[in-house]
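Q: Going by the numbering used here, the sequence shown opens with residue 212, and the numbers climb by one from there.
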Amino acid sequence: MEIKIEEIRSDLARKIADISGADPAKCYQCGKCSAGCPMAQHMDILPHQLVRLIQIGKIEEVLDSNTPWICAACLTCSVRCPRGIRIAEIMEAVRQVVIRKRDAKRRLDLPGEKREELPPIAIISAYRKIVE
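#1: Determine the contact status of I227 and A283, defining contact as a CB-CB distance below 8 Å.
#2: Assign P249 to one of two classes, buried (16 or more other C-beta atoms within 10 Å of its C-beta) or exposed (fewer than that).
#3: Have a look at K243 and M254 and give me their C-alpha separation to the nearest angstrom.
#4: Does the beta-carbon of L286 have 16 or more other beta-carbons within 10 angstroms, so that it is buried, or is it exposed?
#5: What are the boundary residues of the alpha helix (DSSP H) that M302 is part of?
#6: Between Q307, R291, E328, which lies nearest to V273 when the distance is taken from Cα to Cα?
#7: Of the residues I265, L257, R311, which one's Cα is nearest the Cα of P235?
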């Protein structure tokens, strides 16, 4: 029995699905996305865990996570997903929600040592979204 996005109570899940075109409700937590992610060791919440938090409506945990900002959008997660969930697009949608909800510059005002920990793609992506 497949769960539909409409059956999930999370408004965040609906918003993420609307923005990304990906359906977080399809995830059954196999963890293949996280196992293949080259940036997983730098994330505070693994990709499959972030999708689960979206499913159950843990909005603040999702929006406060560094995971979407660390995501390199390499699409490894999306390719590995047996359900065909476009997880990279979900990460992008979460970044958009954060930027719309909060001051994006707050994310970038990091101490030098923290900035060095982030992959360049995360910083570039965040700045690109501020300019657009």
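Heads up, the beta-carbon is just placed ideally off N, CA and C, and yes, glycines get one too.
A: Per the coordinate set shown:
#1: Here residue 227 corresponds to residue number 16 of the sequence shown, with the count starting at 1. Here residue 283 corresponds to residue number 72 of the sequence shown, with the count starting at 1. No, these two residues do not count as a Cβ contact at 8 Å.
#2: Position 38 of the sequence shown, counted from the start, is the residue given in the question as residue 249. Its Cβ having fewer than 16 others within 10 Å, P249 is exposed.
#3: Counted from its first residue, the sequence shown places residue 243 at position 32. Counted from its first residue, the sequence shown places residue 254 at position 43. Straight-line Cα distance between these residues: approximately 15 Å.
#4: Within the sequence shown, numbered from 1, the residue matching residue 286 stands at position 75. Exposed, because fewer than 16 other Cβ atoms sit within 10 Å of the Cβ of L286.
#5: Position 91 of the sequence shown, counting from 1, holds the residue named residue 302. 298–312 is the span of the alpha helix (DSSP H), which, as asked, contains M302.
#6: For the purposes of this step, residue 273 is taken as the residue at position 62 of the sequence shown. Checked all of Q307, R291, E328; the closest Cα to V273 is Q307.
#7: As a position in the sequence shown, residue 235 is number 24, starting the count at 1. Taking only the C-alpha atoms, the option nearest P235 is I265.
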